[in-house]
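Enquirer:
In our numbering, the protein residues as written are 10 to 411.
Structure, rendered in structure tokens:
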């Protein structure tokens, strides 16, 4: 019997618990996004899918599996098989890269995130719920016999429902925690907040990190964080935008070694930014266009890494902690072999004063954040593709000096 105080989805999930259901519950909205909730005898085993499955994975592995380098792990998080990412978690457990208690908390946190998103979506549109039943024996022989935890669905559902209720009470119902805040009017924002807050905004609110990403990075409750940003959104100083999921991590063996960098004849482009997301987006754009890419996320390691790599073009973030982009740019220009390498600043702050500082420090151009493919492509064409063409034309001309 359904509970009239619960949502339709909540009643459906509780029904599957009461029926001791084994198999998958597949949930779809009006878009192509799919969520799957895996049950064994009415207990939740795993939840996956949704808007940003890999962003969620990275947040959770950063929190519960700090030994993992997300971008270099050889564990396959991208398996398309049913429950493939659950098997990735099992692999982490088998290798002792995560403890069992941490793994259980990861399962619960992932389920809460997904249930929250579904409850929020259900508030706007009708959800389609279908089931794919399996026998208990087939479930146990599918590789799930090493179940990390059989979770009480009612417990995590109640926690997600409470989180959604508080989200509504705070006036946040129309904003998803999967959206990313980005600075709109830097000049006006600078006048509204302290210098430290402004610099943090420039560094963090780049349109590449979702509210959940920021909450995890800052160690701050996502509801508190979002509430603190809403006044700036209402004043049109911040925008809040949709952002793509992170790419699946690649096998570490596929990453270029120093030897491969030296041996390759393709131009090398360096990206210096403390944001892993920004580095990954740039790397995708650059490698897709046939160039090599080296990413540097530690500002203090930027100069020695650049000297060693000797790139053909450098993308450099301005708003980094400890050492900012202006200081790194000035240091680069003091190195003989890097002195004439094009440097392009990445920034969410494109005012006149910033352009003057950039010119003084030795930068060649600006690219605003959030990162846009066309703007990055145009810069690469200007400083690498066109220069390569000019060099080849010059080398073809006869030497006029006798």
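Glycine is no exception: its CB is placed at the ideal position from the N, C-alpha and C atoms. All figures in this text were calculated on a predicted structure; none of them were measured in a lab.
Can you name the start and end residues of the beta strand (DSSP E) that residue 109 belongs to?
Expert: Element bounds for residue 109: not the beta strand (DSSP E) but the alpha helix (DSSP H), 109-131.
Enquirer: Less than 6 Å between C-beta atoms, sequence neighbours within five positions excluded: which residues of the same chain meet that for residue 236?
Expert: These residues qualify, in order along the chain: 179.
Enquirer: Is it right to say residue 41 is buried, meaning 16 or more other beta carbons lie within 10 angstroms of its own, or is it exposed?
Expert: Classification of residue 41: exposed, given that the 10 Å Cβ count is below 16.
Enquirer: On the three-state DSSP scale, how would you describe residue 298?
Expert: Coil.
Enquirer: Considering only the alpha carbon of each residue, which of 362, 317, 193 and 122 lies closest to residue 166?
Expert: Of 362, 317, 193 and 122, the residue nearest in Cα terms is 122.
Enquirer: Within this structure, are the beta carbons of residue 55 and residue 128 separated by less than 8 Å?
Expert: No, they are not a contact pair.
Enquirer: For residue 52, report the span of its beta strand (DSSP E) as first-last.
Expert: Taken as a continuous stretch (DSSP letters only), the beta strand (DSSP E) holding residue 52 covers 52-58.
Enquirer: Using CA coordinates, which residue listed in 379, 141, 187 and 304 is at the minimum distance from residue 412?
Expert: Given that the chain is displayed from residue 10 to residue 411, the structure contains no residue 412 and the question cannot be resolved.
Enquirer: Which same chain residues, not among the five before or five after residue 159, have their C-beta less than 8 Å away from its C-beta?
Expert: If we look at residue 159 and ignore the five residues flanking it on each side, its Cβ neighbours are 49, 50, 52, 53 and 54.
Enquirer: Report the rounded CA-to-CA distance for residue 164 versus residue 134, giving the unit in angstroms.
Expert: Roughly 24 Å separates the two Cα atoms.
Enquirer: For residue 366, which residues of its own chain have a beta-carbon under 8 Å away from its beta-carbon, when the five flanking residues on both sides are left out?
Expert: Hits under 8 Å: 335.
Enquirer: Mapping the DSSP letters down to three states, classify residue 61 as helix, strand or coil.
Expert: Coil at residue 61, not helix or strand.
Enquirer: Which runs of the beta strand (DSSP E) fall wholly inside the region 157-241 and span at least 3 residues, in chain order?
Expert: Segments of the beta strand (DSSP E) lying fully in the region 157-241: 189-192.
Enquirer: Exposed or buried, residue 17, counting other C-beta atoms within 10 Å across all chains shown (16 or more means buried)?
Expert: That one is exposed.
Enquirer: Could you tell me if residue 383 is buried or exposed, where buried requires 16 or more neighbouring beta carbons within 10 angstroms of its beta carbon?
Expert: Label assigned to residue 383: exposed.
Enquirer: Within 10 Å of its beta-carbon, does residue 304 have 16 or more other beta-carbons around it, so buried, or fewer, so exposed?
Expert: Residue 304 comes out buried.
Enquirer: Taking contact to mean 3 or more Cβ pairs, one atom from each stretch, closer than 8 Å, check whether the region 386-393 and the region 319-332 are in contact.
Expert: As far as the Cβ criterion goes, the region 386-393 touches the region 319-332, which means the pair count is three or higher.
Enquirer: Do residue 102 and residue 109 have their CB atoms nearer than 8 Å?
Expert: Going by C-beta atoms, residue 102 is nearer than 8 Å to residue 109.
Enquirer: Quick check on the DSSP output: what are the complete beta strand (DSSP E) runs of length 3 or more inside the region 314-367, in order along the chain?
Expert: Runs found: 322-326 and 352-356.
Enquirer: With 16 as the cutoff for other CB atoms within 10 Å, does residue 120 come out buried or exposed?
Expert: Flag for residue 120 reads buried.
Enquirer: Pairing CB atoms from the region 309-316 with CB atoms from the region 344-364, are three or more of them under 8 Å?
Expert: In short, these stretches touch, since the Cβ pair count reaches three.
Enquirer: Can you give the Cα-Cα distance for residue 194 and residue 66, rounded to whole angstroms?
Expert: About 32 Å.
Enquirer: Quick one: residues in its chain with C-beta nearer than 7 Å to the C-beta of residue 340, no 5 flanking neighbours on either side, listed in chain order?
Expert: So the list reads 312, once near-sequence residues are dropped.
Enquirer: Using the Cβ count rule (16 or more neighbours within 10 Å means buried), how would you classify residue 196?
Expert: Per the 10 Å Cβ criterion, exposed.
Enquirer: Starting from residue 383, trace the beta strand (DSSP E) in both directions and tell me its first and last residue.
Expert: Run containing residue 383: none in the beta strand (DSSP E); it sits in the alpha helix (DSSP H), 382-389.
Enquirer: Considering only residues of the same chain and omitting the five flanking positions on each side of residue 352, which have a CB-CB separation below 7 Å?
Expert: Taken in chain order, the residues that qualify are 323, 325, 338, 341, 371, 372 and 373.
Enquirer: Please state the DSSP three-state secondary structure of residue 101.
Expert: Residue 101 falls in the helix class under three-state DSSP.
Enquirer: Buried or exposed, going by whether 16 or more other CB atoms sit within 10 Å of the CB of residue 264?
Expert: Bear in mind that a pLDDT of 39 at residue 264, under 50, signals an unreliable position, so the number given afterwards is only what the model happens to contain. Label assigned to residue 264: exposed.
Enquirer: Give a yes or no on whether the C-beta atoms belonging to residue 247 and residue 191 are separated by under 8 Å.
Expert: Yes, Cβ-Cβ distance for residue 247 and residue 191 is below 8 Å.
Enquirer: Within this structure, are the beta carbons of residue 355 and residue 376 separated by less than 8 Å?
Expert: Yes, the pair counts as a contact, with Cβ atoms nearer than the cut-off.
Enquirer: Pull up the distance between the alpha-carbon of residue 266 and that of residue 302, whole angstroms please.
Expert: Confidence is the limiting factor: at residue 266 the pLDDT is only 39, short of 50, which leaves the residue's position unreliable and the question unanswerable from this model.
Enquirer: When you compare each of 43, 37, 68 and 29 to residue 221 by their alpha carbons, which one comes out closest?
Expert: Residue 68 is the option with its Cα nearest to residue 221.
Enquirer: In or out: residue 261 buried (at least 16 other Cβ within 10 Å) or exposed?
Expert: For residue 261, the pLDDT reaches just 39, beneath the cut-off of 50, and the residue's location in the model is therefore unreliable, although a value from the coordinates is still provided. Classification of residue 261: exposed, given that the 10 Å Cβ count is below 16.
Enquirer: By the three-class DSSP mapping on this structure, what secondary structure does residue 77 have?
Expert: Residue 77 falls in the coil class under three-state DSSP.
Enquirer: So, at 7 Å on beta carbons, what are the nonlocal neighbours of residue 238 in its own chain, with the 5 sequence-adjacent residues on each side left out?
Expert: Taken in chain order, the residues that qualify are 190 and 247.
Enquirer: Just checking my contact of residue 256 with residue 293 at CB under 8 Å: how many whole Å lie between their CB atoms?
Expert: 6 Å between Cβ atoms; contact.
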